[in-house]
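Below you'll find the structure, written out as structure tokens, and then a few comments.
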Amino acid sequence: MTTYPLLLAILVTFGATGLGALPALFLKNISEQRRDFLLGMSGGVMLAATCFSLILPAVSRAESRGFPPLTSASLVALMLLGGAAVIHLINEFTPHEHFYQGREGANARQLKRIWLFILAITIHNIPEGLAVGVTAGTGDPAIALPILIGIGFQDIPEGLVVALALLANGYRMKDAIFVSLITGVVEAMGAAVGFGFVQLTESVLPWTLAAAGGMMLYVISHEMIPESHSRGNAKHATGGLMIGFALMLILDIALG
């Protein structure tokens with residue numbers, strides 16, 4: 107298979123994050139309501155992309171390999187839980203910091219805040235990159251494009267929010283932009299790993315799609331939704347999530 111889908115995936119994931127960070131050069135801050143709305147919208151986009159471009163295609167691909175519908179759904183559900191468990195273990199055993207909440211882990215105080223942020227971003231973006239890479243590896247634009255566009259779309263506000271959060275915590279502008287770009291690098295690396303894994307053994311494609319879906323669901327539920335609700339702006343965050351989900355639903359149908 108040509109590597110053009112992978113190159114496009116890397117370009118979009120890295121470029122969208124960098125594009126989102128650029129407004130930080132002009133915006134020193136945005137209101138908490140708008141910030142939580144953007145985070146909620148990102149969560150909605152990711153939730154719809156996970157349902158329509160990862161989990162449902164995983165079931166369909168499993169059925170196309172001869173598994174009965176109930177068996178297909180059961181195996182996909184099992185792999186979905188497995189993917190979520192992997193991210194949970196990473197989350198439990200890696201000291202990290204949410205973007206706006208307090209530090210976690212016994213050794214957190216001994217680590218420089220910049221590295222805590224990088225670790226947090228890494229955990230947050232690994233499953234997104236894997237999802238982009240796995241779907242790109244399918245060679246099916248109807249599956250790959252919605253995920254690529256959806257995650258690229260949510261990377262833009264994410265890059266901005268991360269940069270502004272760093273600026274608000276006393277980091278220099280160049281450091282804030284650099285760490286935001288690291289987000290894109292990590293995601294692009296995840297895309298390369300996911301793409302390469304599918305190319306090595308396409309027989310596991312349904313299960314890699316399902317595992318990527320589980321990872322995404324864990325990040326949405328454990329990181330993005332609590333983060334967007336943590337400052338008392340649940341209405342803004344929920345409205346953003348609904349709008350993001352609706353936009354991604356329309357996009358998925360338009361591209362499918």
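First residue of the sequence shown: 107, per our numbering; consecutive thereafter.
Just so you know, even glycine gets a beta-carbon here, dropped at the ideal spot from N, CA and C.
Are there 16 or more other CB atoms within 10 angstroms of the CB of M279, so buried, or fewer, so exposed?
exposed
Apply the 10 Å Cβ neighbour rule to I359 and answer buried if 16 or more other Cβ atoms are within range, or exposed otherwise.
I359 counts as exposed, since fewer than 16 other beta carbons sit within 10 angstroms of its beta carbon.
Rounded to whole angstroms, what's the CA-CA distance from I232 to L251? Just pull it up for me.
Between I232 and L251, the C-alpha separation is close to 19 angstroms.
Quick check on DSSP: helix, strand or coil for R140?
helix
Candidates Y110, V240 and A122, of which the one nearest P266 by Cα:
Inspection of the sequence shows that residue 266 is occupied by Leu rather than by Pro. It is A122.
Exposed or buried, what is A298 when buried is set at 16 or more other beta-carbons lying within 10 Å of its beta-carbon?
By the neighbour-count rule (16 or more Cβ atoms within 10 Å), A298 is buried.
Are the segment 341–355 and the segment 143–155 touching by the rule of at least three beta carbon pairs closer than 8 angstroms?
In the pairwise beta carbon analysis, the segment 341–355 is classified as touching the segment 143–155: at least three pairs are separated by under 8 angstroms.
What are the start and end residues of the alpha helix (DSSP H) that includes R167?
L162 to S170
Environment of A271 [buried if 16+ CB atoms lie within 10 Å]:
buried
Just how far apart, CA to CA, sit V325 and L144?
16 angstroms
Whole angstroms are fine: how far does the CA of P175 sit from the CA of G346?
34 angstroms
What distance in whole Å lies between the Cβ atoms of A237 and M322, which are believed to be in contact at a cut-off of 8 angstroms?
6 angstroms
At what residues does the alpha helix (DSSP H) containing G290 begin and finish?
M279 to L306
Would you say the segment 305–318 touches the segment 157–170, given that touching needs at least three Cβ pairs under 8 angstroms?
Judged by Cβ distances under 8 angstroms, the segment 305–318 makes contact with the segment 157–170, as three or more pairs qualify.
Exposure label - L248; buried when at least 16 CB within 10 Å
It should be pointed out that residue 248 corresponds to Ala in this sequence rather than to Leu. Counting Cβ neighbours within 10 Å, A248 comes out exposed, since fewer than 16 surround it.
How big is the Cα-Cα spacing for S137 and L355?
28 angstroms
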